[in-house]
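*Asks:* This is the structure I want to talk about, given as C-alpha cells.
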Amino acid sequence: MPNIAHYFSFKDCRLREVQDGDIDALVALINEAYSYQDQAKGQPRTNPAHLRGRVAETDFYVMTHEDELIGCVYTEPKYPALHFGLLTVVPAWRGTGLAPAIMAAIEDYAKANNYKTLELDYMSLAPWLKTYYEKFGFQATGQIQKWGTIDLIRMKKDLG
Numbered sequence: 031m032p033n034i035a036h037y038f039s040f041k042d043c044r045l046r047e048v049q050d051g052d053i054d055a056l057v058a059l060i061n062e063a064y065s066y067q068d069q070a071k072g073q074p075r076t077n078p079a080h081l082r083g084r085v086a087e088t089d090f091y092v093m094t095h096e097d098e099l100i101g102c103v104y105t106e107p108k109y110p111a112l113h114f115g116l117l118t119v120v121p122a123w124r125g126t127g128l129a130p131a132i133m134a135a136i137e138d139y140a141k142a143n144n145y146k147t148l149e150l151d152y153m154s155l156a157p158w159l160k161t162y163y164e165k166f167g168f169q170a171t172g173q174i175q176k177w178g179t180i181d182l183i184r185m186k187k188d189l190g
C-alpha cells in the first residue's frame with residue numbers, strides 16, 4: 031500500500047520516511063522551530079532518544095530538497111481519524127507552499143485509506159496555529175489535554 035510520500039508533489043522536493051542518519055539533524059530542526067516553548071517546558075522540544083521513540087511509534091517523514099533536510103511531519107493512525115503532528119518547515123522554506131503540499135498529501139492518503147477525519151493538536155503557547163489550520167478547514171473540537179504546563183488543543187477536519 032502506498033504511503034504518504036506517494037501522494038506528495040512539490041517542486042523538486044521529496045518526502046520520505048525518516049532514516050537513523052536523519053535523527054541529529056531532525057532534532058536540531060525541530061528544536062529550532064519549537065524554541066518558543068523551551069521556557070515553559072524547561073527543556074528543548076525533543077532529543078535523539080525521544081525522537082527515535084516517536085519514529086518507532088508513528089509513520090515519521092522528512093522533506094528534503096537536494097538532500098537537504100527542510101521539514102518533517104508524522105502521522106499516526108487512530109481510526110477513524112488520521113492524526114498528524116510536528117509539521118515543521120525550515121525558515122527558508124516557509125511561505126513557499128511546502129506545508130500546504132504536505133497537508134494535501136496527508137489528506138489524499140487519508141481519503142484513499144477511508145479515514146473519516148484528520149486531527150492534530152496544537153500547543154496553547156502557539157495560538158497563531160489555530161488560525162493557520164482553520165484556513166485548511168480544521169476546527170477546534172473542545173478537547174484539551176495537559177502536557178506538563180502546556181495545553182494541547184485538538185483540531186479536526188472532516189473528510190466527507
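Take 31 as the starting number for the sequence shown in our numbering and just add one per residue.
Where a beta carbon is used, it is the ideal one built from N, C-alpha and C, also for glycine.
Because the structure is a prediction, the values reported are computed rather than measured.
1) Do you know whose CA, among G83, C102 and Y145, lies nearest V92's CA?
2) My parser needs the alpha helix (DSSP H) runs of 4 or more residues fully inside the stretch 49-100; what are they?
3) Three or more C-beta pairs under 8 Å: does that hold for the stretch 168-187 against the stretch 140-151?
4) Would you call the stretch 79-86 in contact with the stretch 47-56, where contact means no fewer than 3 C-beta pairs closer than 8 Å?
5) Spell out the partners DSSP gives I174 in its beta bridges.
6) Once the 5 residues before and after L56 are set aside, which same chain residues still bring their CB inside 8 Å of it?
7) Apart from the five residues on each side of it in sequence, which residues of its chain come closer than 7 Å, Cβ to Cβ, to I53?
8) Give the single residue among P121, I132 and G125 whose Cα lies nearest to the Cα of G115.
9) Can you give me the Cβ contacts of Q175 inside the same chain, cut-off strictly under 8 Å, excluding the 5 residues immediately before and after it?
10) I'd like to check one pair, L189 with A140: are the Cβ atoms closer than 8 Å?
11) Would you give the residue range spanned by the beta strand (DSSP E) that D151 belongs to?
12) What is the rounded straight-line gap between the Cα of S65 and the Cα of P110?
13) For A63, which residues in the same chain have their Cβ closer than 7 Å to its Cβ, ignoring the five residues on either side in sequence?
14) With a 10 Å radius around its C-beta and 16 neighbouring C-beta atoms as the bar for buried, classify E137 as buried or exposed.
15) Put P121 into one of helix, strand or coil per three-state DSSP.
16) Can you have a look at Y162 and say buried or exposed, based on whether 16 or more other CB atoms are within 10 angstroms of its CB?
*Replies:* So, to answer that:
1) Your numbering for residue 92 matches position 62 in the sequence shown. Nearest option by C-alpha distance: C102.
2) Segments of the alpha helix (DSSP H) lying fully in the stretch 49-100: 53-63, 68-71 and 78-87.
3) Counting Cβ pairs under 8 Å, three or more are found: they touch.
4) Here the stretch 79-86 lies against the stretch 47-56, with 3 or more beta-carbon pairs under 8 Å apart.
5) Taking the first residue of the sequence shown as position 1, residue 174 is located at position 144. According to DSSP, I174 shares a beta bridge with I183.
6) Position 26 of the sequence shown, counted from the start, is the residue given in the question as residue 56. Excluding residues up to 5 positions away in sequence, V48, L81, V92, L99 and C102 lie with their Cβ nearer than 8 Å to the Cβ of L56 in the same chain.
7) Start at 1 with the first residue of the sequence shown, and residue 53 comes out as number 23. Once the five neighbours on either side are set aside, the close Cβ partners of I53 are P78, L81 and R82.
8) Your numbering for residue 115 matches position 85 in the sequence shown. With distances taken between Cα atoms, G115 lies closest to I132.
9) Position 145 of the sequence shown, counting from 1, holds the residue named residue 175. The beta carbon of Q175 is closer than 8 Å to those of D151, D181, L182 and R184 in its chain, skipping five residues each way along the sequence.
10) If you number the sequence shown from 1, residue 140 lands on position 110. If you number the sequence shown from 1, residue 189 lands on position 159. Yes; because the gap between Cβ atoms is below 8 Å, this pair is in contact.
11) Here residue 151 corresponds to residue number 121 of the sequence shown, with the count starting at 1. Annotation: the continuous beta strand (DSSP E) that includes D151 extends over T147 to M153.
12) Taking the sequence shown and counting its residues from 1, the one referred to as residue 65 is at position 35. Taking the sequence shown and counting its residues from 1, the one referred to as residue 110 is at position 80. When rounded, the distance between both Cα atoms is 32 Å.
13) Walking along the sequence shown from the start, residue 63 turns up at place 33. Contacts found: T118.
14) Here residue 137 refers to the residue found at position 107 when the sequence shown is read from its first residue. Per the 10 Å Cβ criterion, buried.
15) As a first step, residue 121 must be located in the sequence shown, where it is residue number 91. P121: helix per DSSP, three-state reduction.
16) Looking up residue 162 in the sequence shown gives position 132. Flag for Y162 reads exposed.
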